[in-house]
Amino acid sequence: MELLIIKISTGYLRIKPDEFIEVGLDKASVYPMDHLAHVRELEREAKARGYEAVRIKKLVLTEEDL
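full-length UniProt numbering applies: residue 1 is where the sequence shown begins, and numbers increase by one.
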């Protein structure tokens, strides 16, 4: 499974209505690949809010038996 995530210089972003919160990977907002246009808008908004080194990353998840 591939998901989109927004990475910043010191972590990741959790995005709520009118709120961008710096968090670790386990709390970050993730989006399906077909929402790339929306995630690009969120990336621009994060930059406008002053976050540094904002970039979109592809998170690749795999499932394996233990």
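In this text, a Cβ means the ideal position worked out from N, Cα and C, and glycines have one as well.
Closest residue to residue i among the options (Cα-Cα distance)
i          : options          : result
residue 12 : 4, 28, 59 and 66 : 28
residue 49 : 25, 2 and 19     : 19
DSSP bridge partner residues for residue i (one or two, in chain order)
i          : result
residue 24 : Residue 24 is not bridged to any residue.
residue 45 : Looking at the DSSP assignment, residue 45 forms no beta bridge with any residue, so it has no partner.
Separation of residue j from residue i, as counted between CA atoms
i          : j         : result
residue 17 : residue 2 : 24 Å
residue 43 : residue 5 : 10 Å
Where residue i sits in the DSSP three-state scheme
i          : result
residue 4  : strand
residue 69 : Because the chain spans 1 through 66 in this model, residue 69 falls outside it and cannot be assessed.
residue 54 : coil
residue 64 : coil
is_contact[residue i, chain B] using C-beta, thresh 9 Å
i          : result
residue 10 : No chain B appears in the structure shown, which is made up of a single protein chain.
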